[in-house]
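Working notes for the structure below.
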Amino acid sequence: MSQPDNDSTRKTMAIRVDPAIHAEISLIAQLRGNTLADEHLQAVLDHIERARNEADLAERADSAIEEIEREAALRRAAIERLRGGRSSAVIATETTDQGSGESTPTPSPRRSRKSADASDG
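This is the structure:
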């Protein structure tokens, strides 16, 4: 069950426990022929499995995904504006009109600096 300690893809977790708990888990590991690390990992895996079956946790995970998607959309819009995409005013108008069902204006694309220089000459 245990993997080499030099495996760079693994993360280290450390916990502090009372001496009585340490003695008990050490005895369990010894009786099973496992290392303490094996027993710790199995306990964590069991905990994760129980958590996956909790309805409340699944609902909170769905909410977290929705929040991540909202934040990603805001960041994407900011990046597009920095790259010369739609203006902040148009984005603000679209944001306020989304709930009303009204159509939002689509701005014409901005000319790049290169095309502006070519028309000057």
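Position one of the sequence shown corresponds to residue 104 (this note's numbering), numbered consecutively onward.
Beta carbons are placed, not taken as given, at the ideal position from N, Cα and C, and that holds for glycine.
Keep in mind the model is a prediction, meaning the values are calculated, not measured.
- The beta-carbon distance between Thr138 and Ala132, rounded to whole angstroms, is 6 Å. This is short enough to meet the 8 Å contact definition.
- Contact annotation: Arg153 and Ala161 have beta-carbon atoms that are not nearer than 9 Å.
- With respect to His143, Ile118 sits close: the two C-beta atoms are nearer than 9 Å.
- For Val147, the uninterrupted alpha helix (DSSP H) run begins and ends at 139-155, by DSSP.
- The alpha-carbon of Arg173 is positioned some 46 Å away from that of Ser129.
- For Ala117, the three-state secondary structure derived from DSSP is coil.
- Inter-residue distance for Met116 and Gly187 is about 45 Å (C-alpha atoms, whole angstroms).
- Judged by DSSP in its simplified three-state form, Asp165 adopts helix.
- In the three-state reduction of the DSSP assignment, Ser111 falls in the coil class, being assigned neither a helical nor a strand state.
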